[in-house]
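Single-structure report; data block below.
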Amino acid sequence: MSAPLLAAQSARFAELDPLLPAAVAPPEGEGLVVALPGGDRVAGVVTRTEHPRGAAPTLWAASEVWELHPLLGGAPGSAMDVLLRRWAGAMARVAVEQDSSCLVTWPSRDVAASAALLAHGFAPLSVLAVRVPAARGPSRRHPVSVRRAGFEDLEFLTRSAMAELEYSAQVGSAVVRPAAPRIKWASLSVHLAQGDPVWIAERGGEPVGHLEGWQTVSAPASWAETRVPHGRWGYVNCLSVLPGSRGSGVGGALVDTAHDELLNGAVGSFLYFNPPNPLSPVFWARRGYRPLWTLWELRPASALR
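Counting in my numbering, the sequence shown runs from 14 upward without gaps.
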C-alpha cells in the first residue's frame, strides 16, 4: 500500500510547492491505516524516540518524542484530521512521560492540514525555511566586522549560544536544560575541530554575536533527502546576537558573510526558525527565506486529542 501512497504523495507535494522533495518511505514503526468517507485509505507510521538525559536533542525536543509520518497520498490535507483521530485513539492506550511530545512535520503550504493539526491541539513551533539564491545584489555596509572563530573563542561562543537558547525557549520548542552550557560547549568544539565554519561578529573589538553553519548533501537515503531536493545545500545552524546588540545590523552582517561561503557550489540554503518568535520570521524573510516545512508539536504527548 505504501508505494502507491508515496507516488501520489510525491505528485501532490510537487503541486503544493516546487521546492518540496519527493516523498520517501517512512521509518520503521507502528502502522496506522484509516478509511476516508469516500472509501480511499490513508496511512501513517508512528515512531518513538527517547533522548537520554544530557543529549544534545533535549535542547530542542522533549525527552520522549512520538512522531507521526503521514502517508496521505493524493488525498487533500483535510484527510489529516482522520489520521490524527486514529493516532489519538492509539496514544490514549499508551503511558507516556510528562517530558514528552507528539510531532508532525508537514509542508507549510498545505493549509488544510494545518487547520486539522490546530484542531487537534498542535502548535507550529518550528519552521524549516529555504532560500534559493538569486543574482547577487550590491554589497552591503555593516556596522561590525566578521571573522572566523577558533578554539580560543569557545567561552564567548558558548555564552552566545546560550543567549540564543534562552530566548528561543520562551517562543518555541527549545528547552534550557541544566546541562545546556556543557552541551553547547561540546557541540561547538566538534564543529571547530572538523572545520565547520563558525563566524564571530565584533564591534570595537568586542564579540557581539556568532553564526554556525556548514554544507550538507541531500542524497538518496540521507536525512536531508526528506527535507530538500537532491544536491548540495548550505545549512545555517545557529545565529545568535547578544541582547544589547540586537536590531543593530549584527545578524545581517553574519548572514551575509555566511552566505558567501555556504552557498559556494550549493543550490540553496535552509534553516529552522520559530514562528512565534517576534524577530525571526521577518528577519529571515528579508534575507530570502520562506517556509517549506512546518514542525507541529504538542506537549505532553498525553494531550493529543
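Glycine is no exception: its CB is placed at the ideal position from the N, C-alpha and C atoms. Remember, it's a predicted structure, so these values are computed and weren't measured experimentally.
Can you check whether the CB of residue j is closer than 8 Å to the CB of residue i?
i       : j       : result
Pro-39  : Leu-85  : no
Leu-33  : Ala-27  : yes
Trp-246 : Leu-130 : no
Ala-101 : His-133 : yes
Ala-92  : Val-55  : yes
Leu-255 : Ser-200 : no
Arg-122 : Ser-282 : no
Ala-314 : Val-109 : yes
Asp-112 : Ala-136 : no
Trp-306 : Leu-138 : no
Pro-89  : Leu-29  : no
Arg-312 : Ser-181 : no
Trp-198 : Leu-267 : no
Arg-216 : Ser-258 : yes
Gly-87  : Val-59  : no
Pro-210 : Trp-227 : yes
Mark residue i as exposed unless 16 or more other C-beta atoms lie within 10 angstroms of its C-beta, in which case mark it buried.
i       : result
Ala-16  : exposed
Arg-154 : exposed
Asn-277 : exposed
Ser-158 : exposed
Asp-273 : exposed
Trp-236 : exposed
Arg-99  : buried
Pro-304 : buried
Phe-164 : exposed
Gly-52  : exposed
Ala-232 : exposed
Val-78  : buried
Gly-208 : exposed
What are the start and end residues of the alpha helix (DSSP H) that includes residue i?
i       : result
Arg-25  : 15 to 29
Tyr-180 : 167 to 184
His-272 : 263 to 275
His-319 : Nothing about residue 319 can be reported from this structure: the residues present for the chain run from 14 to 318 only.
Val-159 : Here Val-159 belongs to no alpha helix (DSSP H); instead the beta strand (DSSP E) covers 158 to 161.
Ala-298 : 293 to 299
Val-107 : First-last for Val-107: undefined, no H or E at that position.
Leu-116 : It is not in any alpha helix (DSSP H) - Leu-116 instead sits in the beta strand (DSSP E) that spans 113 to 120.
Ser-332 : Only positions 14 to 318 of the chain appear in the structure, and residue 332 is not among them; the question remains open.
Of all the options the options, which has the alpha carbon lying nearest to the alpha carbon of residue i?
i       : options                            : result
Leu-72  : Ala-108, Ala-193, Ser-231          : Ala-193
Gly-57  : Ala-48, Val-221, Gly-217, Ser-186  : Ala-48
Ala-162 : Leu-205, Ala-174, Glu-219          : Leu-205
Ala-36  : Ser-261, Thr-62, Asp-269, Ala-234  : Ala-234
Val-189 : Arg-61, Gly-260, Pro-70            : Pro-70
Leu-97  : Ser-127, Arg-160, Ser-186          : Ser-127
Gly-264 : Leu-141, Thr-239, Tyr-248, Trp-297 : Trp-297
Leu-81  : Leu-45, Trp-227, Pro-65, Gly-87    : Leu-45
Leu-275 : Lys-197, Ala-316, Thr-229          : Thr-229
Leu-284 : Leu-292, Gly-260, Tyr-248          : Tyr-248
Val-203 : Arg-66, Leu-167, Ser-231, Asp-269  : Leu-167
Gln-22  : Gly-301, Thr-239, Val-295          : Thr-239
Arg-300 : Ala-279, Val-184, Asp-269          : Asp-269
I'd like the span of the beta strand (DSSP E) that includes residue i, first residue to last.
i       : result
Ala-244 : For the sequence presented, residue 244 should be read as Gly rather than Ala. Run containing Gly-244: 244 to 254, per the beta strand (DSSP E) assignment.
Leu-84  : 77 to 84
Tyr-285 : 281 to 286
Leu-49  : Segment: none, Leu-49 is in no beta strand (DSSP E) and carries neither H nor E.
Ser-231 : 219 to 231
Trp-236 : Neither: Trp-236 is in no beta strand (DSSP E) and is coded neither H nor E.
Trp-309 : 303 to 311
Trp-212 : 211 to 216
Looking at residue i and the ligand ADP, is the gap between the Cβ and the nearest heavy atom below 7 Å?
i       : result
Cys-115 : Absence of the ligand ADP is noted for the structure shown, with no ligands found whatsoever.
Report task. Flag this pair as touching only if the stretch 216 to 224 and the stretch 169 to 184 have three or more C-beta atom pairs under 8 Å; answer yes or no. Result -> Yes, the stretch 216 to 224 touches the stretch 169 to 184.
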